[in-house]
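Undergrad: Here's a structure for you.
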Amino acid sequence: MTSEDFVIGYLRILDEKNHNADTVRLLGSIVDTSKDGLISYAEFQAFEGLLCFPDALYKTAFQLFDTNGNGMVSFQEFSEVIQKTELHKKIPFNLNSPFIQLYFGKDKSRLVSYSEFSQFLHDFHEEYAIEGFRRADKNGTGFISILDFQEIMSSIKSHLLTSQVQSHLIEAAQLSQGAGSRVSFPYFIAFNSLLNNMELVKRIYLNVTNGHRTQEVSKEEFMHSAQAMSQMTPLEVDILFHLCDILHQTGRIVYNDLYAIAPEQYFKQITNRLAEIHAVSGPEDRGVLIQILESTYRFSLGSIAGGECVY
Ligand SMILES: [Ca+2]
Numbered sequence: 001m002t003s004e005d006f007v008i009g010y011l012r013i014l015d016e017k018n019h020n021a022d023t024v025r026l027l028g029s030i031v032d033t034s035k036d037g038l039i040s041y042a043e044f045q046a047f048e049g050l051l052c053f054p055d056a057l058y059k060t061a062f063q064l065f066d067t068n069g070n071g072m073v074s075f076q077e078f079s080e081v082i083q084k085t086e087l088h089k090k091i092p093f094n095l096n097s098p099f100i101q102l103y104f105g106k107d108k109s110r111l112v113s114y115s116e117f118s119q120f121l122h123d124f125h126e127e128y129a130i131e132g133f134r135r136a137d138k139n140g141t142g143f144i145s146i147l148d149f150q151e152i153m154s155s156i157k158s159h160l161l162t163s164q165v166q167s168h169l170i171e172a173a174q175l176s177q178g179a180g181s182r183v184s185f186p187y188f189i190a191f192n193s194l195l196n197n198m199e200l201v202k203r204i205y206l207n208v209t210n211g212h213r214t215q216e217v218s219k220e221e222f223m224h225s226a227q228a229m230s231q232m233t234p235l236e237v238d239i240l241f242h243l244c245d246i247l248h249q250t251g252r253i254v255y256n257d258l259y260a261i262a263p264e265q266y267f268k269q270i271t272n273r274l275a276e277i278h279a280v281s282g283p284e285d286r287g288v289l290i291q292i293l294e295s296t297y298r299f300s301l302g303s304i305a306g307g308e309c310v311y
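Just so we're aligned, residue 1 is where the sequence shown starts under UniProt numbering, counting upward by one.
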């Protein structure tokens, strides 16, 4: 079947009448490894096999960018994919930056392998966020408005946001910045770094409580353990406690608070579901496929414009 049959007709990820053809092609190309615009049963089976790898998200993301299917990603492929996204239209990424040159070479002719690409994708998100900050900070003051902060986080870092964090972004920034209307660069970086490292934060908590999950931990206790176990900064610890305060208003944290903030559960959820898949044969299994394709897209390219997820 064609990408459109697959994405619109079979998966029904996007609206039948009102969808972006580029998005359909991008989603379809994750499965269409021969890149002939058609999804064969063999490709479908191979895709299922791919999902059993622990790094399935990175692998599927790689297939999204390797548009000619030769096992490498060129600058041309990367930039073509990026430029088709809503995210790039909203917050354009500088395709001539020194960052791009570091990966694709000065003349952008270097081909990037899978393992290098996984690192690239990780760094790209960080770089994109910093670039988003620079764009919003037009006068170079080191501050952006809280609304810009919300915009950058929701568009570039949506894969790190749980629904609770997403709905309290403005409140969290206001609280941390002394009820101000701006967000500083250090706050911005620390906020992102905290969300990136929530699994480590959980381990720091469990270290304080000796593995108990309901014991309340004060900021001082947490800070002590954080400094012994990690490179977590005091600013990150501040932000963590602000977030927990907003969610539960106790001034202390328990394990469940961390669960509400940790984006990692989102990856885990997918990995867990992947482990259950043996054969996606009937329409009742569509939900899993949709979740994976949507996650891959969100993970690498931001949210799908006009995406109507039905699972
Ligand atoms: Ca390629």
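Using N, Cα and C, we set each Cβ at its ideal position, and we do this for glycine too.
1. In three-state terms, what does DSSP make of T2?
2. Can you give me the start and stop residues for the beta strand (DSSP E) that R182 sits inside?
3. Can you find at least 3 beta carbon pairs, one from the segment 107-119 and one from the segment 65-79, that sit closer than 8 Å?
4. For a test of your reading of the model: does the CB of E77 fall under 7 Å from any non-hydrogen atom of ligand 1? Yes or no.
5. Could you spell out where the alpha helix (DSSP H) holding F104 opens and where it closes?
6. Roughly how far, in whole angstroms, is the beta-carbon of V24 from the beta-carbon of E48, given that I think they are within contact range, below 8 Å?
7. Find out if the Cβ-Cβ distance for the pair T296, L50 is shorter than 8 Å.
8. Using a C-beta cutoff of 8 Å, does M72 count as contacting chain D?
9. How big is the Cα-Cα spacing for V73 and C244?
10. In its own chain, which residues sit with a C-beta less than 8 Å from the C-beta of S40, not counting the 5 before and 5 after it?
11. Does DSSP put V112 in a helix, in a strand, or in coil?
12. Can you tell me which of the three DSSP states F143 falls into?
13. Buried or exposed for E220, going by 16 or more other Cβ atoms inside 10 Å?
14. Please look up how many angstroms separate the CB atoms of L14 and L289, rounded, as I've assumed it's under 8 Å.
15. Closest to K89 by C-alpha separation, out of I156, Q227, F241 and L247, would be which residue?
16. Could you tell me the distance, in whole angstroms, from the CA atom of Q45 to the CA atom of F6?
17. When the distance is taken between beta carbons, is T233 closer than 8 Å to A172?
18. With DSSP collapsed to three states, give me the class of V254.
19. For L95, name the three-state secondary structure that DSSP assigns.
20. Can you tell which of G251, T250 and I246 has its C-alpha closest to the C-alpha of I261?
TA: So, from the listed chains and residues:
1. Start at 1 with the first residue of the sequence shown, and residue 2 comes out as number 2. It is a strand residue.
2. Translated into the one-based positions of the sequence shown, residue 182 becomes position 182. R182 to S184 is the extent of the beta strand (DSSP E) around R182.
3. yes
4. Counted from its first residue, the sequence shown places residue 77 at position 77. E77: yes, Cβ under 7 Å from ligand 1.
5. Here the question's residue 104 lines up with position 104 in the sequence shown. Counting along the chain, the alpha helix (DSSP H) containing F104 begins and ends at P98 to F104.
6. The residue you call residue 24 lines up with position 24 of the sequence shown. The residue you call residue 48 lines up with position 48 of the sequence shown. Not quite, the Cβ-Cβ distance comes to about 21 Å (not below 8 Å), so this is no contact.
7. In the sequence shown, residue 296 corresponds to position 296, counting from 1. In the sequence shown, residue 50 corresponds to position 50, counting from 1. For T296 and L50, no; Cβs fall outside 8 Å.
8. Absent from the structure: chain D. Only one protein chain is present.
9. Here residue 73 is taken as the residue at index 73 of the sequence shown, counted from 1. Here residue 244 is taken as the residue at index 244 of the sequence shown, counted from 1. Spanning the two alpha carbons is a distance of roughly 40 Å.
10. As a working mapping, residue 40 is identified with position 40 in the sequence shown. Counting only Cβ-Cβ distances below 8 Å, and skipping sequence neighbours, we find S34.
11. For the purposes of this step, residue 112 is taken as residue 112 along the sequence shown, with counting starting at 1. Strand.
12. As a position in the sequence shown, residue 143 is number 143, starting the count at 1. Looking at F143 - three-state DSSP - the assignment turns out to be strand.
13. By 1-based counting over the sequence shown, the position of residue 220 is 220. Exposed.
14. By one-based count along the sequence shown, residue 14 stands at place 14. By one-based count along the sequence shown, residue 289 stands at place 289. Not confirmed; about 14 Å, so no contact.
15. For the purposes of this step, residue 89 is taken as residue 89 along the sequence shown, with counting starting at 1. Checked all of I156, Q227, F241 and L247; the closest Cα to K89 is I156.
16. The residue you call residue 45 lines up with position 45 of the sequence shown. The residue you call residue 6 lines up with position 6 of the sequence shown. Between the alpha carbons of Q45 and F6 lies a distance of about 14 Å.
17. Within the sequence shown, the letter at position 172 stands for residue 172. Within the sequence shown, the letter at position 233 stands for residue 233. No, Cβ-Cβ distance for A172 and T233 is not below 8 Å.
18. If you number the sequence shown from 1, residue 254 lands on position 254. Note: V254 maps to coil in three-state DSSP.
19. Counting from one through the sequence shown, the residue named residue 95 turns up at place 95. Residue state, collapsed to three classes: coil.
20. Locating residue 261 in the sequence shown gives position 261, counting from the first residue. Per the Cα distances, I246.
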